[in-house]
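Protein chains in written order, with our numbering: chain A, 5 to 219; chain B, 831 to 840.
A quick write-up on the structure given underneath.
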């Protein structure tokens, strides 16, 4: 464990807590893509299949349970909570996430470190996580006004993987000089996808104006 | 490259 990775995990946790707080406090999920949230549940379920089999550390196990629990409860709120589900506008959240799931799964079958169930699912989850934010970004482009909480949520979500990139650089030079192309390239793509969001988010923050993404 | 420290991240 190094400071970059801890910062990454805490940023990730904060983003999810922020979203859960918005949904519970405002009883609204306006501006949030259910498609992206469902993709994150798939990402966590397929990445943490070894939760019950492999014990790395207390921290690792507890965080996995927290990520699984919070992501599943967010989808539950958006799908089944009597008040929150009324605030979900499925007409604007139209990104067909099967177009992300299938290619990522096929790619994981073709490009992986080992052709085992655990390894292929882990690889699939990395590829899927890299593109999971797309439905949310498309939704933001369609939203006239993006509320601050949603903007902050997406920003923190993008920032966490940037910390992980620093963590991988650190681990490569300081720890075991182990090349890990799959997480590295997936993480690089994931962070790159946020690039234009980061640009508009920081610009709106500097100019103290409402966050607006060009359509 | 042992499997362990590949999957030890979240």
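Glycine is no exception: its CB is placed at the ideal position from the N, C-alpha and C atoms.
| task | Kindly indicate which residue of 145/A, 105/A, 65/A has the alpha-carbon position closest to the one of residue 217/A. | result | On the first chain, residue 217/A is found 213 positions in, with the first residue counted as 1. Per the Cα distances, 145/A.
| query | Under a Cβ-count criterion, where at least 16 other Cβ atoms within 10 Å of its own Cβ denotes burial, should residue 127/A be classed as buried or exposed? | reply | Against the first chain, residue 127/A aligns to sequence position 123. Classification for residue 127/A: buried.
| field | Residue of 90/A, 124/A, 59/A minimising C-alpha distance to residue 36/A | value | Sequence index remark: in the first chain, residue 36/A carries index 32 (1-based). It is 90/A whose Cα lies nearest to the Cα of residue 36/A.
| request: Work out the CA separation of residue 57/A and residue 833/B for me, nearest whole Å. | output: As a first step, residue 833/B is located in the second chain; it is residue number 3 there, counting from the start. As a first step, residue 57/A is located in the first chain; it is residue number 53 there, counting from the start. Confidence at residue 833/B is low in this model, with a pLDDT of 48, below 50, so the placement of that residue should be treated as unreliable; the coordinate-derived value is given next. The straight-line gap from Cα to Cα measures roughly 14 Å.
| query | Taking 8 Å as the CB-CB cut-off, is residue 157/A touching chain B? | reply | As a position in the first chain, residue 157/A is number 153, starting the count at 1. Not one chain B Cβ lies under 8 Å of residue 157/A.
| said: Does any residue of chain B have a CB that is nearer than 8 Å to the CB of residue 60/A? | reply: Here residue 60/A refers to the residue found at position 56 when the first chain is read from its first residue. It does: the Cβ of residue 60/A has a partner Cβ on chain B nearer than 8 Å.
| Relative to the alpha-carbon of residue 38/A, which residue among 59/A, 187/A, 77/A has its alpha-carbon at the smallest distance? | Here residue 38/A is taken as the residue at index 34 of the first chain, counted from 1. Looking at the Cα atoms, 77/A is the closest of the given residues.
| message | Check this for me: beta carbons of residue 134/A and residue 194/A, under 8 Å apart or not? | response | On the first chain, residue 134/A is found 130 positions in, with the first residue counted as 1. On the first chain, residue 194/A is found 190 positions in, with the first residue counted as 1. In this structure, residue 194/A lies closer than 8 Å to residue 134/A by Cβ.
| query | Contact between the segment 154 to 162 of chain A and the segment 202 to 210 of chain A: three or more CB pairs below 8 Å? | reply | yes
| query | Is the CB of residue 80/A under 8 Å away from at least one CB in chain B? | reply | Within the first chain, numbered from 1, the residue matching residue 80/A stands at position 76. No - not a single Cβ of chain B is within 8 Å of the one on residue 80/A.
| query | Going by beta carbon distance, what residues of the same chain come within less than 6 Å of residue 59/A, once the five residues before and after it are set aside? | reply | Locating residue 59/A in the first chain gives position 55, where the first residue counts as 1. Around residue 59/A: no qualifying Cβ.
| said: Rounded to whole angstroms, what is the Cα-Cα separation between residue 23/A and residue 50/A? | reply: For this step, residue 23/A is matched to residue 19 along the first chain. For this step, residue 50/A is matched to residue 46 along the first chain. Rounded to the nearest angstrom, the two C-alpha atoms are 22 Å apart.
| task | Put residue 87/A into one of helix, strand or coil per three-state DSSP. | result | By 1-based counting over the first chain, the position of residue 87/A is 83. The answer is coil: DSSP assigns residue 87/A none of H, G, I, E or B.
| field | Outcome for residue 106/A when other beta-carbon atoms lying within 10 angstroms are tallied against a minimum of 16 | value | Reading the first chain from its first residue, position 102 is the one you call residue 106/A. That one is exposed.
| task | Determine the closest residue to residue 88/A out of 122/A, 104/A, 29/A, 54/A, with distance taken between C-alpha atoms. | result | Taking the first residue of the first chain as 1, we reach residue 88/A at position 84. Of the listed residues, the one whose Cα sits closest to residue 88/A is 29/A.
| request: May I ask you to report which of helix, strand or coil DSSP gives residue 164/A? | output: Counting from 1 along the first chain, the entry for residue 164/A is found at position 160. The answer is helix: DSSP assigns residue 164/A an H, G or I state.
| query | Do you know offhand how far residue 117/A's Cα is from residue 169/A's? | reply | Numbered from 1 along the first chain, position 113 holds the residue referred to as residue 117/A. Numbered from 1 along the first chain, position 165 holds the residue referred to as residue 169/A. Spanning the two alpha carbons is a distance of roughly 20 Å.
| request: Could you name each continuous alpha helix (DSSP H) segment of 4 residues or more that falls completely within the segment 123 to 161 of chain A, going from the start of the chain to the end? | output: 138 to 146
| task | Grab me the residues of residue 82/A's own chain with a C-beta within less than 8 Å of its C-beta, minus the 5 sequence neighbours each way, in chain order. | result | In the first chain, residue 82/A corresponds to position 78, counting from 1. Here the set comprises 27, 33, 36, 38, 41, 88, 89, 92.
| said: For residue 211/A, would you say it is in contact with chain B, using Cβ-to-Cβ distances shorter than 8 Å as the test? | reply: Along the first chain, one-based indexing puts residue 211/A at 207. Taking Cβ atoms only, chain B never reaches closer than 8 Å to residue 211/A, which makes this a no.
| field | Contact with chain C by residue 9/A, beta-carbon distance below 8 Å | value | Here the protein chains are A and B, and chain C is not one of them.
| message | Using a Cβ-Cβ cutoff of less than 7 Å, which residues in the same chain neighbour residue 177/A once the five nearest sequence positions on both sides are dropped? | response | Indexing the first chain from 1 puts residue 177/A at position 173. Correct list: empty, nothing qualifies.
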